Structures are given as structure tokens and as C-alpha cells.
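Taking our numbering, the leading residue of the sequence shown gets 320, the next gets one more, and so forth. All C-beta atoms in this analysis are idealised placements derived from N, C-alpha and C, irrespective of residue type, glycine included. Note that this is a predicted model, so its numbers are computed, not measured. Presented below is the structure to which this report refers.
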Amino acid sequence: MRIVCVSDTHSQHDSIVVPDGDILVHAGDFSKRGRRAEIEAFDGWLGSLPHAHKVVIAGNHDFALEQDPDARNWIQNAIYLQDSGAAVAGLQFWGSPWQPRFYDWAFNLDRGPLLREVWSRIPSNLDVLLTHGPPRGILDKTDRREPVGCDDLLEAVLLKRPRLHVFGHIHEAYGRVERGGTTFVNACSCNLDYRPIQAPIVVDL
320 MRIVCVSDTH SQHDSIVVPD GDILVHAGDF SKRGRRAEIE AFDGWLGSLP
370 HAHKVVIAGN HDFALEQDPD ARNWIQNAIY LQDSGAAVAG LQFWGSPWQP
420 RFYDWAFNLD RGPLLREVWS RIPSNLDVLL THGPPRGILD KTDRREPVGC
470 DDLLEAVLLK RPRLHVFGHI HEAYGRVERG GTTFVNACSC NLDYRPIQAP
520 IVVDL
């Protein structure tokens, strides 16, 4: 099963060359400020892609999806996950948009019990985990070399051991690593200057 991973497109999806695959996943920040017109434009782009299945979560820029539960209905051309799972083409997916508090953006939670409770919902026997933010110490370093990922997310991932964990948020930490039987992908399409020059990452499961 070929999975094409993107994240942090920030309404610049039309500039991205998306390779063929069976499933497209987007790990959030598909808009600039989460306005309805931005979300509907993103959904139109999803509908134009040939992938048989698309799975998306929100990120800290996608405000409407936190503020208005009906906003998820604006995404018609993908499965939208928010602390929920789905079976897709024989694979088990689970997705969540939450992240350690980051200024006054969307989907913020304080580190500690609140985030730990979210990550405790991650199921076992999972093939693909989508989160917006990274786990601590894995593709999470800022341009100042500071690791800013979530400790409790790392603990949950090491316990549940999904085959693939896709995230974004930290643009400058784009890349792919293998660790402990899990493939970790920071799929940020935009670089630190918000230029969409980082290619989608393709993973075969």
C-alpha cells in the first residue's frame, strides 16, 4: 500500500507536485487561518487528486475546525479524523490535531495530564497514526536546534508502536526516520519561510 504524506501546505497546495499512491494523508495546517473559503479550496484540491483514499487532520492554523464542529462537514473529499479512527483500504488509522501549547493558535493543550489523556486514546494494533505535532526527540528540532515535540506522545507511540506516524508543525524538521519498528515522517510541505518546496514523502506499507 503506497501512502503519500503531506502536511503544512498553508493554502499553497496548488504549488505541490503530488506523486501517485493509494492513500494521501495530510497532517494538518492545510490553511493559513482556517477560514471557510480556505477549507473549501483545500477540499476542492483533494477532490482533484487521483488517490483512491484521502485522510486528513487539522493543525494549529485550522481554527474553524476547533471552533465550529460543523466545519468538518466542509471537507467532503477526505476522511477527517479528530481524536478518532477509521479503517481505510485494510489499514487502521487514528488521528488527532492537538499539540503542546503554542502561543494562541488552535488545538493547544498544556503539556502533562491534558495531552497525556488525549494520547491515551491511541489504539493498539494501529497501522497509521496522524498527529499535527511531533513526538519529543524525533524530527522536532527548531532552527535553533531545540527539540519541541511532546514527551507524552513519544511515550504513547513507543507503547502502541504504529507502523507509520505522520506529523508536521515543525517545518524545518522535515524528513523521515525509522525507529523501533515505526516509520516517522515529518511531512511539512512548507519550509521555515512558508515556501512549499519540500516534496511529499512516500511510504510503502
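Alpha carbon of residue i to alpha carbon of residue j, nearest angstrom
i, j, result
"residue 376", "residue 486", "10 Å"
"residue 382", "residue 426", "8 Å"
"residue 401", "residue 415", "5 Å"
"residue 359", "residue 392", "10 Å"
"residue 433", "residue 374", "25 Å"
"residue 384", "residue 378", "9 Å"
For residue i, three-class secondary structure by DSSP
i, result
"residue 435", "helix"
"residue 343", "strand"
"residue 568", "Since the first residue shown for the chain is 320 and the last is 524, residue 568 is missing from the structure and cannot be characterised."
"residue 355", "helix"
"residue 404", "strand"
Option in the options with minimal Cα separation from residue i
i, options, result
"residue 339", "351, 350, 333, 323", "323"
"residue 342", "514, 515, 483", "483"
"residue 371", "506, 397, 522", "397"
"residue 380", "389, 335, 330", "330"
Cβ neighbours of residue i in the same chain (closer than 8 Å, five flanking residues each side left out)
i, result
"residue 511", "462, 490, 491"
"residue 446", "410, 411, 412, 481, 482, 483, 524"
Any C-beta of chain C under 8 Å from that of residue i
i, result
"residue 468", "Chain labels in this structure do not include chain C; a single protein chain is all it has."
Cβ neighbours of residue i in the same chain (closer than 7 Å, five flanking residues each side left out)
i, result
"residue 505", "453, 458, 486, 487, 489, 492, 493, 494"
>> Measuring CB atoms only, is the segment 338-347 touching the segment 446-457, in the sense that at least three cross pairs come out at less than 8 Å?
In response: yes
> When the Cβ atoms of the segment 457-467 are set against those of the segment 494-514, are three or more pairs found closer than 8 Å?
Replying inline: yes
> With a cut-off of 8 Å, do at least 3 Cβ pairs link the segment 511-524 to the segment 468-481?
Replying inline: no
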